[in-house]
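*Asks:* Residue numbers (this note's numbering): 1105 to 1289.
After the structure tokens below, expect a handful of questions from me.
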Amino acid sequence: MAIDLGPTHMFMKRTPALFLFALAATLLVACSKSEEYTPPAYACNCGTLVLDGDSLTVLGAEYVYLQQEDSLFSRRYFVTADAQAEGETQEHGVSLILDVPNVQQGAIFYPNEDAFTQFDVTNFNASFDTTQIHRITNGVASVIAAPLTGGEETVNLDFLLRREVDGELVGFEKTLKGNFVVVVD
């Protein structure tokens, strides 16, 4: 004697098939390949640095006040620029940290015992020695200070640099020239 289970039995037979189809579709969509992440390009349009004749676009220029007596007029500038050459696939950039004890002086000569400076070249295209530190051996930074109420402040640079290894200067001098602008609040 055969028992007829009716439409419920047919539904039960189809459920595993529907479940497997849904699972396969989900896995197919979840495992699809997307484009490789590329970070967005950022450029502040706030200056240019020229390192040994190569023009570098400034990507960012910021400042903080130094903690000293006349901190309202003192700055520590942080500047980054793109140094990536054609054909390079990895990051290659430069960064500058420049202390200015008093922006109202106009011109500040370096080296200056009251002002910290550091210039770094980071190049991940090199198989070794990816970061090189340089010291300013001679030069001047000219500052056109922002008004006390705030606004744009322009810094012009004309420096000679030498590479520093274990506290000693090595290699030949390089030139660093250019300018950047920060907005003082």
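For glycine and all other residues, C-beta sits at the position ideal for the given N, C-alpha and C.
With a CB to CB cut of under 6 Å and the five nearest residues on each side skipped, what residues in its chain are close to residue 1282?
*Replies:* Here the set comprises 1152, 1153, 1154, 1261.
*Asks:* Considering residue 1181, what are the terminal residues of the beta strand (DSSP E) in which it resides?
*Replies:* Segment 1179-1186, the beta strand (DSSP E) holding residue 1181.
*Asks:* In whole angstroms, what is the alpha-carbon distance linking residue 1240 and residue 1140?
*Replies:* C-alpha separation (whole angstroms): 39 Å.
*Asks:* Can you tell which of 1274, 1271, 1263, 1287 has its C-alpha closest to the C-alpha of residue 1293?
*Replies:* Since the first residue of the chain shown is 1105 and the last is 1289, residue 1293 is not available in this structure.
*Asks:* So does the region 1200-1208 actually touch the region 1264-1272, counting three or more Cβ pairs closer than 8 Å?
*Replies:* Contact between the region 1200-1208 and the region 1264-1272 is absent, because fewer than three Cβ pairs lie under 8 Å.
*Asks:* Confirm, please, whether the CB-CB distance from residue 1238 to residue 1223 is below 8 Å.
*Replies:* Yes; because the gap between Cβ atoms is below 8 Å, this pair is in contact.
*Asks:* Please identify the residue among 1195, 1278, 1280, 1183 whose C-alpha is closest to the C-alpha of residue 1295.
*Replies:* Outside the shown range of the chain (1105 to 1289) lies residue 1295, about which nothing can therefore be said.
*Asks:* Enumerate in chain order the residues of its own chain whose CB-to-CB distance from residue 1218 is below 7 Å, with the five nearest sequence positions on each side excluded.
*Replies:* For residue 1218, where only same-chain residues beyond five positions count, the Cβ hits under 7 Å are 1205.
*Asks:* Who pairs with residue 1151 in a beta bridge, going by DSSP?
*Replies:* According to DSSP, residue 1151 bridges with 1284.
*Asks:* Which same chain residues end up closer than 7 Å to residue 1161 when comparing Cβ atoms and leaving out the 5 residues on each side of it in sequence?
*Replies:* Closer than 7 Å at Cβ, skipping near neighbours: 1147, 1152, 1185, 1186.
*Asks:* In angstroms with no decimal places, state the Cα-to-Cα distance between residue 1233 and residue 1269.
*Replies:* Taking the straight line joining both Cα atoms gives about 11 Å.
*Asks:* Between the Cα of residue 1279 and the Cα atoms of 1231, 1149, 1159, which residue gives the shortest distance?
*Replies:* The candidate whose alpha carbon is nearest that of residue 1279 is 1159.
*Asks:* Roughly how many angstroms lie between the CA atoms of residue 1248 and residue 1257, to the nearest whole one?
*Replies:* If you take the alpha carbons of residue 1248 and residue 1257, they lie about 6 Å apart.
*Asks:* Ignore the nearest five residues each way along the sequence and tell me which others in residue 1181's own chain have a CB closer than 6 Å to its CB.
*Replies:* Hits under 6 Å: 1167, 1202.
*Asks:* In the structure shown, what three-state DSSP assignment does residue 1126 receive?
*Replies:* Looking at residue 1126 - three-state DSSP - the assignment turns out to be helix.
*Asks:* Can you check whether the CB of residue 1221 is closer than 8 Å to the CB of residue 1195?
*Replies:* No, the pair does not count as a contact, with Cβ atoms beyond the cut-off.
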